[in-house]
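Numbering (our numbering), first residue to last: 469 to 964.
A short write-up of the structure that comes next.
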Ligand code: GLU
C-alpha cells in the first residue's frame with residue numbers, strides 16, 4: 469500500500485504552529501514510508517477563508533522547510549486540493565447518501581432548532597437534532613425544494629448502541645451513538661460541512677493515514693459512519709496530542725504566540741522551531757534532542773508518539789534556537805540576519821518614520837532598536853504616571869489587547885480609531901491612554917509614531933509585548949480577568 473498523508477488547514481487567519489506540528493508528523497511518516505504528503509486547503513467556510521491567508525500558510529510552512537508532494541500550488545493527480553473548487557463532488561456525494569437513505573433533507577429553520585435546543589437544555593438532555601424531517605416523504609421534499617425552500621442535508625445516525633473505532637495510539641475507543649448528532653452534511657448555501665468534505669476528500673485522494681489533532685476524536689463516529697454508508701475503507705486514524713500552554717490548557721493565542729510568523733518575526737531560526745515541534749510528543753530513539761526533519765524521517769515510528777500533553781515551552785525553544793545559531797557558518801549567519809530584517813525591503817518600511825527625525829546617521833539605531841529587535845525590558849517604575857494607577861494601566865492594555873486579537877492585519881488608521889474609541893469609553897485623554905501602549909511597544913514613553921510601529925512589528929509581536937507589559941504591571945489574576953472581561957463586554961454592548 470502506498471502511504472499517503474495530508475495536512476488540511478483552513479485558511480482563516482494566522483498560520484498556526486499547530487498546523488506546522490501536524491504537518492511535520494504527517495510528512496515525517498509519509499516520507500519514512502516512501503509515501504506522499506499532501507497539503508489540502510479546507511476553505512469551504514467561504515465567509516472566513518481567504519486567498520491571502522492561504523498564501524501565508526504556504527509561505528510559513530515553506531519557511532520551516534515543510535514542503536509537500538501535492539497541493540493547490542504544486543498540483544498533483546488528485547486535485548483540486550482546494551475544497552472550494554470541489555463543490556460539485558460534495559453535492560454529488562450528498563445526493564448519493566440521500567438516495568441510499570443514509571441522509572435526508574431537512575427544512576428546519578434556525579428558530580425551530582433554537583427552540584428544540586432550549587427545551588432539551590431545560591429538560592437536562594444533550595442538545596441534538598430531534599429528527600423532525602426524518603420522515604418527510606420524497607414528494608413533499610421534492611416540491612418544497614422546487615419552491616425554493618431553504619434546506620440542508622443531514623446524515624442519519626443510529627439512536628442506540630455504541631460506536632467503536634481504532635486509533636493507532638489509543639487503541640479502541642467507544643463513543644455512544646446517543647452523543648452523536650445527525651450532522652449537517654450540506655449547508656443551505658450548497659457548501660459541504662467539514663465532516664462530509666473531509667471523508668470524501670480523504671477517500672478520493674487515497675489518504676491512507678489520517679494524523680491530526682486529538683480535538684477531532686469525537687468526530688470519528690460520524691466519519692466512520694460515512695465511510696460505511698459510501699462502502700469505502702476508512703484510513704488509519706492517529707490523533708496526536710494537542711500542544712498546550714504552560715498551564716496545560718490548549719495552546720491559545722491569548723496566552724502564547726501561536727502564529728508561525730510570530731516566531732519568524734521574533735527572530736527564531738526555522739530549524740529550531742521545526743526541531744522543537746518534533747520534540748512535542750515524540751523523541752528520537754537515543755533521546756537526542758537536536759535533530760533535523762531528515763533525521764526525524766530516518767528514525768520515524770508512529771508507535772513512538774507519546775500521549776502526554778506536550779507543553780509549548782518558550783525557554784526550551786530559545787535554547788534550541790541558540791544551538792542552531794551557533795552552528796551556522798559566519799556567511800550563513802550573515803545571510804540569516806539579512807533575510808530576517810536587515811534588508812532593503814524591511815528598512816524601506818522603517819525609513820519613512822525616521823528620516824525626518826534624524827540629524828546624523830549614528831542616531832538611527834537607537835531610534836529603531838525596538839523595531840529591529842526585542843524592546844528593552846520594563847520595570848513597574850517605568851509605568852509611573854500622574855493620572856493612572858497600575859490597575860487602570862492594566863485595564864487599558866488588556867482592553868486594547870482584546871480588540872487587537874480580532875485584527876488579523878494591522879492598519880494604522882484603524883488602530884488609532886480603536887484607541888480613540890477606548891479613550892472615549894474610559895473617559896481618558898488619548899495621550900494618557902496611549903502612555904502604557906508606547907511603553908509596551910517601544911520600551912519608552914516617547915518613540916517613533918506608535919501605530920506605524922505596530923504595523924511594522926505586526927500583530928503577534930505587538931500583542932506579545934503588551935502581554936509582557938501587563939505582566940510587568942503585576943499580571944491579571946483569574947478573578948481580575950473575569951471582572952475585566954465583564955467590563956469589556958459591557959462596553960461592547962453599550963456601543964450597540
Ligand atoms: N480543516 C481541519 C483543521 O483545520 C482539518 C482536520 C482534519 O485533519 O481532519 O484542523
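Just so it is clear, CB atoms sit at the ideal spot from N, CA and C, and this is done for glycine as well.
Since the model is a prediction, treat every value here as computed from it, not as a measurement.
Subject >> residue 872 versus residue 949: straight-line alpha-carbon distance, rounded >> reply: 17 Å
Subject >> Sequence-distant residues of its chain with Cβ nearer than 7 Å to residue 684 (five each side left out) >> reply: 707
Original post:
Any contact of the segment 893-913 with the segment 847-859, i.e. 3+ C-beta pairs under 8 Å?
Top reply: yes
Subject >> Beta-carbon proximity list for residue 630, same chain, < 6 Å, skipping 5 on both sides >> reply: 642 and 644
Original post:
From this set, 874, 835 and 859, which residue's C-alpha is nearest residue 918's C-alpha?
Top reply: 835
Original post:
How about residue 779: is its Cβ closer than 7 Å to a heavy atom in the ligand GLU?
Top reply: no
Original post:
At which residues does the alpha helix (DSSP H) containing residue 804 begin and terminate?
Top reply: 798-808
Original post:
Three or more beta-carbon pairs under 8 Å between the segment 694-701 and the segment 661-669, yes or no?
Top reply: yes
Original post:
Does the ligand GLU have a heavy atom nearer than 7 Å to the CB of residue 495?
Top reply: no
Original post:
For the ligand GLU, any of its heavy atoms closer than 7 Å to the Cβ of residue 742?
Top reply: no
**OP:** Using only alpha-carbon positions, find the residue among 932, 894 and 889 that is nearest to residue 907.
**Re:** 932
**OP:** Say yes only if the C-beta of residue 553 is nearer than 7 Å to one or more non-hydrogen atoms of the ligand GLU, and no if none qualify.
**Re:** no
Original post:
Between residue 867 and residue 942, what straight-line distance do the alpha-carbon atoms span, to the nearest angstrom?
Top reply: 16 Å
Subject >> Test item: CB-CB of residue 442 and residue 658 under 8 Å >> reply: No answer is possible for residue 442: it lies beyond the span of the chain, which begins at 469 and ends at 964.
Subject >> In DSSP terms, what residue 571 is bridged to >> reply: 623
Original post:
Hey, which unbroken runs of the alpha helix (DSSP H) at 4 residues or more fall wholly within the segment 686-771?
Top reply: 688-698, 728-733, 738-746 and 761-767
Subject >> Straight-line gap, residue 543 to residue 655 (C-alpha atoms, nearest Å) >> reply: 28 Å
Original post:
Secondary structure at residue 896, three-state DSSP: helix, strand or coil?
Top reply: coil
Original post:
Within 7 Å: the Cβ of residue 870 and any heavy atom of the ligand SAH?
Top reply: The ligand SAH is absent from the structure shown, which contains only the ligand GLU.
**OP:** Please name the residue in 595, 876 and 869 whose C-alpha comes closest to that of residue 887.
**Re:** 869
Original post:
If we call anything under 8 Å between Cβ atoms a contact, is residue 473 one with residue 672?
Top reply: no
Subject >> Per DSSP, cross-strand counterpart(s) of residue 654 >> reply: 621 and 660
Original post:
Do residue 676 and residue 703 come within 8 Å of each other at the CB atom, strictly closer than that value?
Top reply: yes
**OP:** With a 10 Å radius around its C-beta and 16 neighbouring C-beta atoms as the bar for buried, classify residue 807 as buried or exposed.
**Re:** exposed
**OP:** Kindly indicate which three-state DSSP category residue 632 falls into: helix, strand or coil?
**Re:** strand
Original post:
What separation, rounded to the nearest whole angstrom, lies between the Cα atoms of residue 803 and residue 830?
Top reply: 24 Å
Original post:
Which residue comes first and which comes last in the beta strand (DSSP E) that contains residue 540?
Top reply: Counting along the chain, residue 540 falls outside any beta strand (DSSP E), and DSSP gives it neither H nor E.
**OP:** Please state whether DSSP places residue 674 in a helix, a strand or coil.
**Re:** coil
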